[in-house]
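Everything on this sheet refers to the single structure shown next.
Residue numbers (the working numbering): 124 to 396.
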């Protein structure tokens, strides 16, 4: 009798790991003549550090802040270097986007009105009006000034729109082995010829909707499985021919995509609540 009420909120600083499987539906590939769609699958693993403020006031609250560093590995795209089903039989060799790997950075933070506003406003408000910052943070935690990002709990899981709260940046082609693919290039007399092209790319991924069907929380640890729908763009750069040549490469195209990601997330809280 007289015992304080207990609650399960993920509150405090934490470290953790996450791993995911994902599939992206591509609008096209990088090459000039590769304007047909494809599918690309991959896996990633991240180590994360952050602060959990989930479920402090209600189940709809989400004040999660973290930064994650990790690796991503992509399988070859389903589309070939030409729009011919026969190229699929050769797998990675003739894929429009061969298998590749990347260093990945993932960041998440709630916002008051527009993404990143707390990050910009915090240094000034800490000096001039800490109470205003506290109010903005409370609104952000509960879905923003316009609370369209509040979590929606149902009997079969929790849904939440998270566009603008989370971003993943993946840096492909930064290892010693260059990323490369076949690309049409122009000869001096105006003909086209396939050439091996080295490149780097920066892939920006923006989660849109998150669904969390399973969750488990102890005094200092939490684990969950969740599914995200996301969109984004893959931007190629640092393009060059694999060997010196008089061929002229056209500019590569940005690749827009939509995808689905299923992830397992584990966290250890330094001060369990």
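All residues carry an ideal CB built from backbone N, CA and C; glycine is no exception. Since the structure is predicted, the reported quantities are computational estimates derived from the model, not experimental observations.
Between the Cα of residue i and those of the options, spot the shortest distance and give me the residue it belongs to.
i	options	result
residue 256	241, 282, 268 and 269	241
residue 313	258, 157 and 373	373
residue 362	377, 268, 351 and 349	377
residue 336	330, 351, 343 and 344	351
residue 152	289, 346, 279 and 307	307
residue 358	334, 208, 389 and 375	375
residue 208	264, 244, 176 and 160	160
residue 184	227, 265, 243 and 254	265
residue 276	347, 344 and 334	334
residue 226	254, 299 and 243	299
Compute the minimum distance between the beta carbon of residue i and the heavy atoms of the ligand PLP, and state whether it is under 6 Å.
i	result
residue 167	For the structure depicted, the ligand PLP is absent and the ligand set is empty, with no information on it obtainable.
Measure the Cβ-Cβ separation of residue i and residue j and say whether it is below 7 Å.
i	j	result
residue 281	residue 274	yes
residue 371	residue 327	no
residue 138	residue 391	yes
residue 145	residue 382	yes
residue 319	residue 303	yes
residue 136	residue 174	yes
residue 329	residue 284	no
residue 389	residue 205	no
Using the C-alpha atoms, what's the distance from residue j back to residue i?
i	j	result
residue 143	residue 387	6 Å
residue 262	residue 224	38 Å
residue 396	residue 134	Confidence is the limiting factor: at residue 396 the pLDDT is only 46, short of 50, which leaves the residue's position unreliable, though a coordinate-based value still follows. Cα-Cα distance, rounded: 6 Å.
residue 155	residue 325	18 Å
residue 235	residue 216	47 Å
residue 360	residue 323	5 Å
residue 365	residue 251	56 Å
residue 166	residue 191	15 Å
residue 222	residue 259	44 Å
residue 321	residue 301	6 Å
residue 233	residue 368	50 Å
residue 271	residue 349	20 Å
residue 164	residue 202	12 Å
residue 214	residue 393	46 Å
residue 267	residue 247	20 Å
residue 310	residue 316	7 Å
residue 193	residue 289	15 Å
residue 269	residue 338	27 Å
residue 384	residue 147	9 Å
residue 231	residue 158	33 Å
residue 297	residue 239	27 Å
residue 253	residue 343	30 Å
residue 279	residue 347	14 Å
Less than 8 Å between the CB atoms is what I'm expecting for residue i and residue j, so what's the real figure, rounded?
i	j	result
residue 219	residue 200	5 Å
residue 295	residue 149	That pair is no contact at about 14 Å.
residue 196	residue 171	About 18 Å separates the two Cβ atoms, so there is no contact after all.
Legend entry - In chain order, each alpha helix (DSSP H) run of at least 4 residues that lies wholly inside the region 252–323: 253–264
>> Quick check on the DSSP output: what are the complete alpha helix (DSSP H) runs of length 4 or more inside the region 192–255, in order along the chain?
In response: 240–251
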